[in-house]
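Structure, as structure tokens:
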Ligand code: 9MR
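In the numbering used here, the protein residues as written are 260 to 1123.
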């Protein structure tokens, strides 16, 4: 079956109406984006033109001295023309030097048979042209062309309100959704929930059968009718085969004679996704050659935006006119998305979530750091002694710091909101061939707080690996915080969207909260504590983990709450319990949504309002659920994460896996200027592990031309198309791949996805009391397992600026915030049922509460 089936609606609707009679209704519109409200596409120009939308019209500089009218063309292809039908073509045009337009409706390729060929004079004033014709031949994909070459003088030609009415109703796009039986096309973890959805009009339960690869029956049961699903308007049943735990590949589910896509049941399903999702960031680095040895020939490319022509940046970038009179080296960082812009508020959340993917391995009992470690990921900094995921994050952190306004300049310490091309470039454009001027846009409070938050997190995570960099991060963070406090309401302009996205945000209370939480967690300082506790968002679950989707680039309070709940900090036990309760309340909400949704997705915005990048809203809810699972060990949270993965990987109304390379029916034509295979077969598809933005109810209103053509009337969770032109449903971005990386890492750590919390074979009691200007801590670790541990080693995190001063009864090392205690000669062996006691004093004037998470020889202990 083709990826998308086109049905001609002529059979269903009224036949095209002729225009011969004066009172006849004009027929249906055949032109897409004739008023240019959605920008240039799908209009095209010959290579000697650079058409752009100016004041709502399409304008182009027509060169002088071409020989023929057809040497300069503005046109639109794929316009269906039906023989015998009557049409009216009309448009408004002006030309600074009067010219004659050769107006054509014709075949796009040889022999260029025309159904309309007229010569229409256009003057300096707006001229209206209107022509009617009856088509002499069928042309299913005709080309409407305004041929404007052959003039002696150069001229500016502008065009508006192009319309071609008549003929048959244009074809209605009907997505090919394949089998009505929907499953996670990658598979299910053996110990996790296994559910699916089937689209059917049947009222009564239906029998389902899971078949193994050899065709044998592996499990059977009956479906549960669910009625009409409001997200898809499909009538659906669900089915559950969680009891099947036998590992294998090539399973299918059969319901009512219909067979699902194949899937596996295995514990290592997400092994590859963790590193692929993270490789996305290296692939999209700016300012460095992408090395074939790391990504393969197909994906290798020269460094983009290092000041080598035709690039104009990013090593010496001016501000937009009137914004500043200095220039900055803002090279490096990651490209935002399909475009080459670099936006602090979006880079900020992305790098934070990458750092949190790493930080989780320090705090979550069952998280593994090895797969993120040195030499494990596709980064050129392998074997430098630093975990690879931190190498990747540093590429962006360095860029974010460069975006800070230098000392001595107006608004020093604030951070430029973004930098990008002065005009939008077309698809495809390889980064190193982007000829546009790059410009810094004004600083904003939101961007400044993004730097404060991420640089504070950077300071604590890089301390063990590069103290100077850690210090630089902390200085940048504190400078940014002070600048944001001094300029608390400098908002980015929502209309500043030429050549790059606006990323405007008119509420920065959440950015203040996030930055305060990170700065407090890193420094323990009272100013930041007060800023956290006095924020009206603190512990307000409705604001922080909204039912409509909690965390996004414009809504960052949840990032702060997750850090406070998981990374040891100086909150009192009561305050810590409060913030953890906020996280679990948010997770309870998303888990309930997942249980109630027909497709199991932990996302249920009011009015089914699937937002731009809805897949990242799903993922960010999954991050809250995963964190709640890390904190509590409750299976219900992990189950909801797994059902979220099912939705993203195929159990959804479109039967679509949204992650390139994963699942039979995966998205692979996402909107991207280099991974533009759909536009240019010599270029690659997106690399494995790239997640599409997903269904977007506002896609048409946003001016997405493919959505306008194909998705009119779509049900919320079906407003998506895997077409490179659909930038509002099918783009890829750093801030969507970052939560994917977090979740892939969590899922890989989840092993078999057991619903029973893993057995703990050690127990830690941690008691802390104020002492002089610091704290005295005593630790007891008990071996609750059946085997001796010898020699033992216990690790945990200290918080803030706490440093060990005096220690006893164990050998201590501190690396950044991580403390390791090892035995002395006399307490080397921890026998079953026995405990060892040791202790230490800390130096900083802040409490040292129980971090709640300990590992004995790398395995999690329970703490009591
Ligand atoms: O992800 C952004 C989404 O939340 C906004 O609604 C939308 C319109 O402002 O912009 C999205 O971000 C795009 C950005 O503006 C430009 N680079 C690509 C981003 C993803 O489509």
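Built from N, CA and C at the ideal position, the CB exists for glycine as well.
Would you decide whether residue i is buried or exposed? Buried here means 16 or more other CB atoms lie within 10 Å of its CB.
i	result
residue 1045	exposed
residue 508	exposed
residue 1015	The predicted model places residue 1015 with a pLDDT of 48, which falls under 50 and marks its position as unreliable; any figure quoted below should be read in that light. Label assigned to residue 1015: exposed.
residue 1110	buried
residue 768	exposed
residue 1106	buried
residue 1028	exposed
residue 1083	exposed
residue 281	Reliability of the predicted coordinates at residue 281 is poor, the pLDDT of 44 falling under 50, and the value obtained from them is presented with this limitation in mind. Per the 10 Å Cβ criterion, exposed.
residue 361	buried
residue 885	buried
residue 327	exposed
residue 1067	exposed
residue 543	buried
residue 752	exposed
residue 567	exposed
residue 959	buried
residue 586	exposed
residue 968	buried
residue 317	buried
residue 452	buried
Would you mind stating whether residue i and residue j have Cβ atoms separated by less than 8 Å?
i	j	result
residue 294	residue 419	yes
residue 407	residue 299	no
residue 912	residue 858	yes
residue 525	residue 474	no
residue 631	residue 935	no
residue 1031	residue 951	no
residue 1120	residue 1048	no
residue 736	residue 711	yes
residue 494	residue 600	no
residue 231	residue 501	Because the chain spans 260 through 1123 in this model, residue 231 falls outside it and cannot be assessed.
residue 792	residue 803	no
residue 1001	residue 716	no
Starting from residue i, trace the alpha helix (DSSP H) both ways and give me its first and last residue.
i	result
residue 789	785–793
residue 837	832–855
residue 999	993–1008
residue 590	It is not in any alpha helix (DSSP H) - residue 590 carries neither H nor E in the DSSP assignment.
residue 891	873–891
residue 612	603–622
residue 822	816–825
Nearest chain C C-beta to residue i closer than 8 Å, yes or no?
i	result
residue 474	Chain labels in this structure do not include chain C; a single protein chain is all it has.
Taking residue i as part of the beta strand (DSSP E), name the residues at either end of that continuous run.
i	result
residue 1130	With the chain running from 260 to 1123 in the structure shown, residue 1130 is simply not present.
residue 345	345–354
residue 655	Residue 655 -> not in any beta strand (DSSP E); alpha helix (DSSP H) instead, spanning 647–661.
residue 906	It is not in any beta strand (DSSP E) - residue 906 instead sits in the alpha helix (DSSP H) that spans 894–907.
residue 481	476–481
residue 969	Note, residue 969: premise wrong, no beta strand (DSSP E); alpha helix (DSSP H) at 964–969.
Starting from the Cα of residue i, find the closest Cα among the options and give me that residue.
i	options	result
residue 865	807, 440, 467	807
residue 489	1040, 869, 880	869
residue 838	819, 848, 686, 853	819
residue 829	1056, 506, 329, 428	1056
residue 457	939, 910, 949, 740	910
residue 593	581, 580, 607, 584	607
residue 640	702, 538, 1120	538
residue 932	970, 990, 976	990
residue 742	479, 725, 787, 664	664
residue 697	614, 814, 565	565
residue 656	667, 682, 602	602
residue 533	1100, 969, 918	918
residue 358	477, 714, 322, 338	322
residue 854	896, 654, 569, 1079	896
Secondary structure, alpha helix (DSSP H): runs of 4+ residues fully inside the stretch 696–774: 704–721, 726–745
Contained beta strand (DSSP E) runs [length at least 3] in the stretch 290–340, N- to C-terminal order: 311–313, 316–321, 332–340
Inside the stretch 1059–1108 only - beta strand (DSSP E) runs reaching at least 3 residues: 1063–1067, 1070–1074, 1077–1081, 1094–1101
Secondary structure, alpha helix (DSSP H): runs of 4+ residues fully inside the stretch 503–543: DSSP runs (the alpha helix (DSSP H)) wholly in the stretch 503–543: 530–542.
Whole alpha helix (DSSP H) elements within the stretch 926–979, 4-residue minimum: 964–969
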